[in-house]
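Take any residue in the sequence shown, count from 1 to its spot, add 944: that is its number in the numbering used here.
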Amino acid sequence: MAIVNRTPDSFHDQGSTYALEKALEAVTKAADEGADWIDVGGVPFAPGPEVSAAEELDRVLPVVEAAKARCVVSVDTFRPEVAAEVIKAGAGVVNDTSGLRDPVMADVVAGTDAQLVITHSLAAPRTLWPSPQYDDVTADVSAFLRGRVALALERGVRPDQIIIDPGHDLNKNTRHTLEVTRRLDEIAAIGYPLLAAVSNKDFIGETLDAKQHERLAGTLAAVVFCVLRGARIVRVHNVRAAVDAVRMTEAMLGWREPVYTRHNI
């Protein structure tokens, strides 16, 4: 899953794809580099200026329209009214980083062909949650996701529509995120496709003492580790490198044949 943000204040790209022309160029580049999905965002999770639903739609809809012919399109939104419009426009996935904070989101997805990513987070989007505390972070995340999946099913979302995401770094400190990653197989055992959104995040920067744009090696290590622990979707900024890392991992696991074989043949 490649990331294309039409925001001026996203934590990694810092507005580099905010202009529509740049966003559309990023879609083409990501698809050419092997992305299966494009995840379009109009509002960051982190605190920042208010963005209305109308403005969010103005940002994401043109990208959805352009990207849907190239690959699956997901839209990162916590607003049911935005989700309804992007599904109509051809988005195949709603990526709700609020974890169904508004249960109407499940109602919007139910009865459609779209899928729903249910993500663990504690705070409302755009809200600070300093010094998060957990009794057992992995068990707590698992319990939250199981509960939100049950809510989605109760409201008519089909099991085959559900994807889960433990929310790396979302209302978690670096030690929390490292432990969740170490025990990711426990979250995969919930039984739904598992998304790992680890790309260039602060837990990598703090672990390696790496600045924002010096985290590619750490990101690739995290991506491979998450695949080995059960992740089946990875959300990344550096598509080409991540595709190569995942395909090599799949080949070593026996899930993918080499493109060609000449060595010692």
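Where a beta carbon is used, it is the ideal one built from N, C-alpha and C, also for glycine.
No experiment lies behind these values; they were computed from the predicted model shown.
Keeping to the same chain, check which residues put their C-beta closer than 8 angstroms to that of alanine 1195; ignore five residues upstream and five downstream. Glu1201 and Pro1202
Let me know the secondary structure DSSP gives isoleucine 1062 once reduced to three states. strand
Are the segment 1076-1087 and the segment 1135-1144 touching, with three or more C-beta to C-beta distances below 8 angstroms? no
Just the Cα atoms here: how many angstroms apart are glutamate 1123 and valine 1171? 16 angstroms
Say yes only if the C-beta of lysine 1155 is nearer than 7 angstroms to one or more non-hydrogen atoms of the ligand MN, and no if none qualify. Of the ligands one can find in the structure shown there are none, so the ligand MN has no counterpart to examine.
Where aspartate 1153 falls: helix, strand or coil (DSSP): coil
Pull up the distance between the alpha-carbon of aspartate 1218 and that of histidine 1120, whole angstroms please. Beyond the ends of the chain as shown, which are 945 and 1209, falls residue 1218; an answer cannot be given.
Closest to arginine 1127 by C-alpha separation, out of Phe1169, Leu1095, Arg1099 and Asn1144, would be which residue? Phe1169
Mind listing, in chain order, the continuous alpha helix (DSSP H) runs of no fewer than 4 residues lying wholly within the segment 1070-1096? none
If I measure Cβ to Cβ from leucine 964 and keep anything under 8 angstroms in the same chain, skipping five residues before and after, which residues do I get? Arg950, Pro1006 and Val1007
Nearest-angstrom Cα distance between valine 1093 and threonine 1021? 18 angstroms
Using DSSP with H/G/I as helix, E/B as strand and the rest coil, what is aspartate 1057? coil
Anticipated Cβ contact below 8 angstroms, valine 1030 with valine 1004, distance rounded: 6 angstroms
Report back the beta-carbon spacing between alanine 946 and alanine 990 to the nearest angstrom; my notes put them in contact at under 8 angstroms. Not quite, the Cβ-Cβ distance comes to about 20 angstroms (not below 8 angstroms), so this is no contact.
Isoleucine 1148 burial status per 10 Å Cβ neighbour count (16 or more: buried): buried
Can you check which of these residues, Pro1047, Val948 and Ala1067, is closest to isoleucine 982 by C-alpha distance? Val948
Is it buried or exposed for arginine 1206, if we count other Cβ within 10 angstroms and need 16 for buried? exposed
What's the C-alpha gap between threonine 1151 and histidine 1112? 14 angstroms
Do you know offhand how far arginine 1191's Cα is from glutamate 999's? 37 angstroms
Neighbourhood of alanine 1154 by C-beta, 7 angstroms cutoff - its chain only, sequence neighbours within 5 removed: Ile1148 and Gly1162
Please report how far the alpha carbon of leucine 1114 lies from the alpha carbon of asparagine 1144, in whole angstroms. 13 angstroms
Between the beta-carbon of alanine 1096 and the beta-carbon of alanine 1033, is there less than 8 angstroms? no
Just curious, the alpha helix (DSSP H) that alanine 1189 is in, first and last residue? 1183-1196
Over what stretch of residues does the beta strand (DSSP E) that includes aspartate 1129 continue unbroken? Where aspartate 1129 is concerned, there is no enclosing beta strand (DSSP E), although the alpha helix (DSSP H) it sits in stretches over 1128-1132.
As assigned by DSSP and simplified to three states, the class of leucine 1044: coil
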